[in-house]
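Notes follow once the structure below has been shown.
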Amino acid sequence: MRGLLTGTAAAAALLALMVGSATSANAIENYNPVTEDRLDNPEPHNWLQVRGNREGWGYSPLDQINASNVGSLQPAWLFSTGVQEGHQSPPLVNDGVMYVTTPMNQVLALDAATGKRLWRFQRELPEDLFQLHPTNRGPALLGDRLYVALTDCFLVALDARTGEVIWEVAVDDYQAGYYMTLAPLAAKGKIMVGVSGGEYGIRGYIAAYDAESGEEAWRTYTVPAPGEPGSDTWPDDDAWKTGGGSVWLTGNYDPETGISYWGIGNAAPWMGDTRGGMDNLYTTSVMAVNVESGALVGHHQYHWNDSWDWDEVSPPLIYDVTRDGETFKALVNVARNGHIYLLKPTAEGPIEFVDAWNYVYSNVITAFDPDTGRVSYDDNHWPGTGKAALFCPSLWGGKDWPYSAYSPDTGLLYIPANENLCSTLEGAEEKYVPGELYIGVPIPVILGGFSLREGWDHIGEIQAWNVDSGEEVWSKDFAHQNWGPILATGGGVLFSGGTNDHMFRAHDAATGETLWEYPTNSGVTASPSTYSVDGKQYVAVQSGWGVDAERKQDVLRGIIPGYDVHVPQGGVIWVFALP
Amino acid sequence: MKAFRPARSFGIRWNRRRVVQGVLGLGIAGGLVSPDAWMADADAAEIARQRPQDGDQLTFFGGDRDGEVIAPADLSLGEQPFIAYPRDPSSGVIRDGSRLNQITLLRVDPARFDDRTRPGTVDGIIAFSATCTHQQCPVTAWDEQAEALFCFCHRSRFDPWNAGKVVNGPATRKLPRLPLRLEGENELRIAGGFSGRVGN
Ligand code: FES
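The structure is reproduced here in structure tokens:
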């Protein structure tokens, strides 16, 4: 479809009517521009990027709120976002100014200490847009601008002081099924985004735009065209054109090497036999992309020829791991396929496989090649077109998009996991129609294709792992699902929601013990953040249930006898502090 | 005869599938494209964008019978719904200029219709806007267990016997109805516009 849109149409898109609008109550004065040096070396009192640092830790060194006093945490202020759907974005904070993105293409700027509204931006959604994922996972800050990637596939640069639109660009055509939910990555003067739409048979890519002008700098596809490296892992037909490979989450970034690491979604349509039963690079992989040039400099495919809808959405966390007496900079990924991967990046790009092991019950992957990490499958649990198979974990995997966290204080990796839920899928032939769902599994099959393992006693978990030793240190269970990204702090506390009981919780990072919980308006599936203003520490999170948590809740109502819990929607920004 | 397919004109959001066919069509027609033909294209685009009208036929969307007119015998009890587009019988233009014209068509047990739902159905055949009132995904499936229309995106369900009311899910508004009638013995026609606001 891009073919139809190149040239004139793309230029027209750049000049598209500016349908976004900002209402600016108060222009922000003395704004502290976000330099790349500040992003590379974030100050403890701010939260300048979605995971707090380049390496994706989800960690803040702030320790005023800690394991001994967190029990008396209370709301400092609240702000209603005015919209429904899945609120997933962390409040970013730059020297007392908070920026929050919400579903429905909205950005809010608030006073981080008081909740007073500074400005609000909303870009009108097209009347014929249908949103499979009505959500947003955060903005990016760079200089005195804020960048946001939207579900109508526009990338917009706003003046961070006023909310005025500086430029906007149609990254792609929403009518062909392209959309964006991730927070952009800002590095080397570029704003990088990735597209979603695997369920519509898009061909995924990561694209970079000049932060100043909005001009496209490079575009690196997640599915190679014939003749490009990796194209020999696709059949000799047109499958690559609709090959999927969505990019759901912001890449993590190593400023030392200038390489970014992106988690790539599953291939489209869902059943692997429709793609020749081949590897289908670079879907379900980590892609290492040079930020300057866009060159694909390395990759590791977590599992080949995906047939389980296991988008490998998560970018690997970057931190030092010690194995066999050697300490090295590692890529640690908690894969949707139920396994933790320990990988070793190189300064040039290529990625080496070190180790992998399962963190939830898995009946699909039976072995890893010790040298390459290539997996083997149990054919009984491998669905196909006209071939039904039951597999665990379910299509939502052991962990979906909610972020894991790493604390350098405990040295532990924290995983929001889901155990005991399995899926059954069976593909059927489907014709591709641009802009329409292109899954290759009939909807009634997906509808009823879930089950719980015999003897199940819980689903949601937070797990704490020592990756040096490969051992689980503690695990905490929740009765039903857990869709809560995790924030780790220097106070020895983990913050997370994710359950269907509206709770936002603090756990002891060393033991998993729940130290505090607070019932919010809805369910918390958003990423928490923490910051301080005038020496006072705050913890912020959005509550607003929706998207996959909503879907899964419906599934659970269908398969747990007598279970009928509904979670109300509606977004509120909650900010907590000590009295 | 094959339905006339208009080509894309810039500035107009256009159904992608038809764009492909339109462009291919023009390619084959080659030098035959005259200014008059472009005018006709504009007219056709206008017709394609109009909402369903009284007297329109219904055509299959996607699959092997894409674009063919749907007859009552094509719909059987207990089968999954079809997604359809209206077709203007006089010009032959399929009204697919906006995805908001997508229709979910199915046959259910007519004995179970409540009194306000029964008018505008044809022997158990009932039509709704396919655009989910939640976030506008196409409502394409039948949930056998819940006996309801099912939207894949966030699993809202709608009751066909009670005017499309929400059974559960994040949708909060019923699916708009599209009244049907028979023309002559056996031709399925649309009998008026959507009963309410399409989409969310
Ligand atoms: S769009 Fe139908 S349930 Fe959300």
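Order-wise, the sequence lines are chains A and P.
With the first letter of the first sequence counted as 1, position 93 gets the number 79 in the numbering used here; the numbers rise by one all the way through.
With the first letter of the second sequence counted as 1, position 180 gets the number 1073 in the numbering used here; the numbers rise by one all the way through.
Ideal Cβ placement from N, Cα and C applies to all residues, glycine included.
For clarity, every value in this text was computed on a predicted model and none was experimentally measured.
Residue range of the unbroken beta strand (DSSP E) whose run includes residue i
i: Arg1050 of chain P; result: Arg1050 to Asp1052
i: Glu1076 of chain P; result: Leu1073 to Glu1076
i: Arg37 of chain A; result: First-last for Arg37 of chain A: undefined, no H or E at that position.
i: Lys1058 of chain P; result: Lys1058 to Asn1061
i: Leu141 of chain A; result: Phe140 to Asp145
i: Ala977 of chain P; result: Phe975 to Arg980
i: Ala1023 of chain P; result: Here Ala1023 of chain P belongs to no beta strand (DSSP E), and DSSP marks it neither H nor E.
i: Leu1081 of chain P; result: Glu1080 to Ile1083
Proximal residues of chain P, C-beta to C-beta of residue i below 9 Å
i: Gln523 of chain A; result: Within chain P, no residue comes near Gln523 of chain A; the closest Cβ sits about 35 Å away, beyond 9 Å.
i: Asp114 of chain A; result: Arg906, Ser991, Arg992, Leu993, Thr1024, Gln1029 and Gly1092
i: Gly532 of chain A; result: His1047 and Pro1063
i: Asp386 of chain A; result: Within 9 Å Cβ-Cβ: nothing; Asp386 of chain A doesn't reach chain P, min ~15 Å.
i: Glu201 of chain A; result: Those within 9 Å of Glu201 of chain A in chain P number zero; the least Cβ separation is about 22 Å.
7 Å Cβ cut-off: residues of chain P touching residue i
i: Asp145 of chain A; result: Neighbours of Asp145 of chain A on chain P: none; closest Cβ ~29 Å, over 7 Å.
i: Glu536 of chain A; result: His1047 and Pro1063
i: Glu412 of chain A; result: Going along chain P, no residue has its Cβ under 7 Å from Glu412 of chain A, so there is no contact; the nearest lies around 15 Å.
i: Lys417 of chain A; result: Gly955 and Gly956
i: Gln555 of chain A; result: Pro1063
i: Pro120 of chain A; result: Gln1028
i: Leu141 of chain A; result: Within 7 Å Cβ-Cβ: nothing; Leu141 of chain A doesn't reach chain P, min ~19 Å.
Cβ distance (whole Å) where residue i is taken to contact residue j below 8 Å
i: Leu127 of chain A; j: Val277 of chain A; result: About 17 Å; that fails the 8 Å criterion.
i: Gly183 of chain A; j: Tyr165 of chain A; result: 6 Å
i: Tyr524 of chain A; j: Ala98 of chain A; result: 7 Å
i: Gly532 of chain A; j: Tyr186 of chain A; result: 20 Å between Cβ atoms; not a contact.
i: Trp43 of chain A; j: Thr100 of chain A; result: 29 Å between Cβ atoms; not a contact.
i: Ala146 of chain A; j: Ile177 of chain A; result: Their Cβ separation, rounded to whole angstroms, is 13 Å, which puts Ala146 of chain A and Ile177 of chain A out of contact at 8 Å.
Residue of the options minimising C-alpha distance to residue i
i: Ser300 of chain A; options: A:Ala535, A:Gln287 and A:Asp306; result: A:Gln287
i: Ala1064 of chain P; options: P:Gln1029, P:Glu1040 and P:Glu1037; result: P:Gln1029
i: Leu303 of chain A; options: A:Leu381, A:Val134, A:Ala274 and A:Leu78; result: A:Ala274
i: Leu571 of chain A; options: A:Asp49, A:Ile14, A:Val134 and A:Ala8; result: Residue coverage of chain A in this structure runs from -13 to 565, which leaves residue 571 of chain A outside it and unanswerable.
i: Glu202 of chain A; options: A:Ala211, A:Tyr191, A:Pro210 and A:Pro212; result: A:Tyr191
i: Pro982 of chain P; options: P:Arg1000, P:Leu951 and P:Leu970; result: P:Leu951
i: Val155 of chain A; options: A:Gly441, A:Ile559 and A:Val142; result: A:Val142
i: Phe834 of chain P; options: P:His1027, P:Trp1054, P:Asp957 and P:Ala1056; result: There is no way to answer for residue 834 of chain P, as the model of chain P reaches only from 894 to 1093.
i: Tyr363 of chain A; options: A:Gly280, A:Ser293 and A:Ile546; result: A:Ser293
i: Asn55 of chain A; options: A:Asp26, A:Thr308, A:Leu144 and A:His493; result: A:His493
i: Glu939 of chain P; options: P:Ala964, P:Ala1041 and P:Gly985; result: P:Gly985
i: Thr475 of chain A; options: A:Thr396, A:Asp341 and A:Gln117; result: A:Thr396
i: Ala173 of chain A; options: A:Pro388, A:Thr500 and A:Gly244; result: A:Gly244
i: Glu972 of chain P; options: P:Ala1004, P:Ala941 and P:Gly1017; result: P:Gly1017
i: Ala1039 of chain P; options: P:Thr1024, P:Gly1062 and P:Ala1020; result: P:Gly1062
i: Gly284 of chain A; options: A:Pro428, A:Gly216 and A:Trp343; result: A:Gly216
i: Val307 of chain A; options: A:Lys330, A:His289 and A:Glu298; result: A:Lys330
i: Ile432 of chain A; options: A:Ser455, A:Asp520 and A:Arg537; result: A:Arg537
i: Ile561 of chain A; options: A:Leu542, A:Asp540, A:Ala535 and A:Thr506; result: Residue identity check: residue 561 of chain A is Val in the sequence provided, not Ile. It is A:Thr506.
i: Asp265 of chain A; options: A:Glu416, A:Arg360, A:Val181 and A:Trp387; result: A:Arg360
Partner residues on chain A for residue i, Cβ-Cβ distance less than 7 Å
i: Ala941 of chain P; result: Going along chain A, no residue has its Cβ under 7 Å from Ala941 of chain P, so there is no contact; the nearest lies around 13 Å.
i: Ala1034 of chain P; result: Ile429, Pro430 and Leu433
heavy atom of the ligand ZN below 7 Å from residue i C-beta
i: His1047 of chain P; result: Inclusion of the ligand ZN in the displayed structure is not the case, the ligand content consisting of the ligand FES alone.
Partners in chain A for residue i, counting only beta-carbon separations shorter than 8 Å
i: Gln1038 of chain P; result: Gly434 and Gly544
Per-residue contacts from residue i into chain A (C-beta, under 9 Å)
i: Gln973 of chain P; result: Pro428, Ile429 and Pro430
i: Phe1043 of chain P; result: Ile429, Pro430 and Leu433
Cross-chain neighbours of residue i in chain P, by beta carbon under 8 Å
i: Gln467 of chain A; result: Result: empty, since nearest Cβ-Cβ is about 14 Å, beyond 8 Å.
i: Gln92 of chain A; result: Those do not exist, as Gln92 of chain A stays about 15 Å from chain P at its closest Cβ, beyond 8 Å.
i: Gln117 of chain A; result: Gln1028, Gln1029, Cys1030 and Cys1046
Endpoints, the alpha helix (DSSP H) within which residue i is located
i: Ala535 of chain A; result: Val533 to Ile545
i: Glu22 of chain A; result: Glu22 to Asp26
i: Tyr551 of chain A; result: It should be pointed out that residue 551 of chain A corresponds to Val in this sequence rather than to Tyr. That residue, Val551 of chain A, is in no alpha helix (DSSP H); it is neither H nor E in DSSP.
i: Leu267 of chain A; result: Here Leu267 of chain A belongs to no alpha helix (DSSP H), and DSSP marks it neither H nor E.
i: Pro430 of chain A; result: Ile429 to Gly434
Assess, as a yes-or-no matter, whether the region 310 to 320 of chain A is touched by the region 251 to 259 of chain A under the definition of 3 or more beta carbon pairs within less than 8 Å.
no
State whether the region 506 to 519 of chain A contacts the region 468 to 484 of chain A, with contact taken as three or more CB pairs (one from each stretch) at a distance under 8 Å.
yes
Do the region 27 to 38 of chain A and the region 75 to 88 of chain A touch if we need at least three Cβ pairs shorter than 8 Å?
yes
For the pair the region 1073 to 1087 of chain P and the region 956 to 964 of chain P, tell me if three or more CB-CB distances fall below 8 Å.
yes
Are the region 408 to 418 of chain A and the region 378 to 394 of chain A touching, with three or more C-beta to C-beta distances below 8 Å?
yes
So, does the region 421 to 441 of chain A touch the region 383 to 403 of chain A, judging by three or more C-beta pairs under 8 Å?
no
Please confirm if the region 447 to 460 of chain A is in contact with the region 349 to 359 of chain A, defined as three or more CB-CB distances below 8 Å between the two stretches.
no
Evaluate the contact criterion for the region 425 to 435 of chain A versus the region 464 to 472 of chain A: three or more CB pairs, one atom per stretch, below 8 Å.
no
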